[in-house]
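Notes follow once the structure below has been shown.
Residue numbers (the numbering used here): 23 to 438.
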């Protein structure tokens with residue numbers, strides 16, 4: 023009973039306290055490691071591996087695979103479209119009959135031909151602007167803004183031509199594909215802001231309607247994901263959900279994210295007036311409009327009606343006024359004077375810009391159908407603009423190719 027327990031024996035009398043401390047720490051770390059994950063490194067999920075693999079399918083990393091997958095995805099989309107038509111036999115029959123009848127009358131000579139040509143020209147021209155609006159809204163990740171590439175320059179050309187010709191009665195043809203002054207000389211009517219807006223209103227409204235239509239796919243995707251509870255493999259949707267979860271997880275938000283989240287929550291709670299307000303102004307804080315409204319189950323007509331009115335009517339009139347105001351004759355002359363006063367480079371770039379505008383004005387007075395002399399000029403201003411537009415279109419095409427290839431990769435791995 024009175025026997026005293028002996029303590030643990032020392033390993034070695036020559037071992038220093040520092041060495042024992044190091045050995046103890048190593049043992050502690052080893053035990054802790056085995057306790058946490060059994061000595062095994064955590065492995066990523068299959069979906070994560072597929073996503074990482076999909077991010078590498080781009081034209082500049084895997085050109086052959088990207089082109090091959092994009093071709094297969096295009097074929098798959100074509101087959102799906104044909105199958106959808108085959109399921110609607112009555113609609114397919116009516117479309118076939120209507121197309122055959124229109125094609126017959128289109129080729130048959132007669133007094134109806136001028137009307138057919140007029141309708142064809144209008145449909146092609148109007149569809150072009152709707153298509154550009156959809157491209158600007160969707161973008162396929164390229165950020166292609168067709169307002170800067172097409173609609174803005176078109177409004178600017180009409181504005182410059184109106185002040186140079188003194189009239190908006192441009193001969194048709196070649197307008198709207200090309201602009202020349204009327205043969206009867208300068209008009210006597212006063213060129214006003216409202217008259218120029220009336221000349222380009224239809225193209226602008228159709229482009230704005232196209233941007234509203236481009237918001238529909240993300241709206242339906244987010245709405246279906248919210249109702250089904252399944253998260254789609256979409257980068258914009260994941261960005262939206264990450265933004266929504268930041269505040270709930272007590273993560274610190276940047277000023278930009280804080281305002282962005284506040285605006286999106288306000289729009290979802292207010293509904294039609296909020297959507298109309300933020301769709302009516304160029305607003306980078308509200309770039310996930312379709313996903314936001316779809317996720318919060320905003321009714322379709324509240325979302326689409328407000329988006330259509332805001333983008334096609336309110337915002338487009340603001341943009342038209344801005345472009346027309348900037349390219350009015352006296353503002354252009356004033357801008358040239360400001361350019362000339364820029365230190366070092368002002369004198370060098372003033373003359374090319376002035377020469378470019380002078381040739382543009384001179385080309386407006388040529389006969390309809392004659393060659394555009396400005397197109398043959400060696401102006402570096404025009405060459406630079408054409409190079410910029412060509413580069414942006416090329417980047418858009420590459421982005422579209424990458425998107426098709428990645429969609430096919432996601433499709434074949436979702437079947438597994």
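Just so it is clear, CB atoms sit at the ideal spot from N, CA and C, and this is done for glycine as well.
C-beta atoms of residue i and residue j nearer than 8 Å
i	j	result
residue 325	residue 197	no
residue 422	residue 95	no
residue 201	residue 179	yes
residue 246	residue 152	no
residue 158	residue 169	yes
residue 218	residue 335	no
residue 354	residue 379	yes
residue 100	residue 107	no
residue 236	residue 297	no
residue 186	residue 383	yes
residue 317	residue 244	yes
residue 191	residue 204	yes
residue 181	residue 349	yes
residue 88	residue 429	no
Range of the contiguous alpha helix (DSSP H) that encloses residue i
i	result
residue 105	85-109
residue 202	No alpha helix (DSSP H) contains residue 202, which DSSP labels as neither H nor E.
residue 320	Run containing residue 320: none; DSSP gives neither H nor E here.
residue 220	215-235
residue 130	Here residue 130 belongs to no alpha helix (DSSP H), and DSSP marks it neither H nor E.
residue 142	135-160
residue 247	238-250
residue 294	294-301
residue 378	368-385
residue 352	351-362
residue 182	174-187
residue 340	338-348
Distance between residue j and residue i (C-alpha atoms, nearest Å)
i	j	result
residue 147	residue 172	13 Å
residue 109	residue 149	27 Å
residue 104	residue 112	14 Å
residue 167	residue 435	32 Å
residue 364	residue 377	18 Å
residue 361	residue 220	31 Å
residue 183	residue 386	7 Å
residue 212	residue 370	35 Å
residue 321	residue 351	46 Å
residue 80	residue 411	22 Å
residue 133	residue 177	35 Å
residue 293	residue 121	41 Å
residue 78	residue 140	48 Å
residue 138	residue 125	11 Å
residue 341	residue 414	21 Å
residue 287	residue 248	16 Å
residue 72	residue 91	15 Å
residue 193	residue 337	29 Å
residue 408	residue 381	16 Å
residue 238	residue 228	16 Å
residue 234	residue 315	13 Å
residue 98	residue 356	55 Å
residue 289	residue 323	15 Å
residue 129	residue 123	10 Å
residue 431	residue 418	20 Å
residue 420	residue 135	40 Å
residue 84	residue 117	41 Å
residue 373	residue 433	55 Å
residue 188	residue 216	15 Å
residue 222	residue 154	15 Å
residue 206	residue 291	58 Å
residue 162	residue 405	Confidence at residue 162 is low in this model, with a pLDDT of 47, below 50, so its placement is unreliable and no value can be given for it.
residue 102	residue 366	60 Å
Below-8 Å beta-carbon distance, residue i vs any chain C residue
i	result
residue 90	Among the protein chains of the structure shown there is no chain C, as only one such chain exists.
Kindly confirm or deny that the segment 286-302 and the segment 328-341 touch, where touching means at least three C-beta pairs closer than 8 Å. Enough Cβ pairs lie closer than 8 Å, so yes.
Within the chosen definition, does the segment 139-146 reach the segment 309-320 through at least 3 CB pairs nearer than 8 Å?
-> As far as the Cβ criterion goes, the segment 139-146 does not touch the segment 309-320, which means the pair count is below three.
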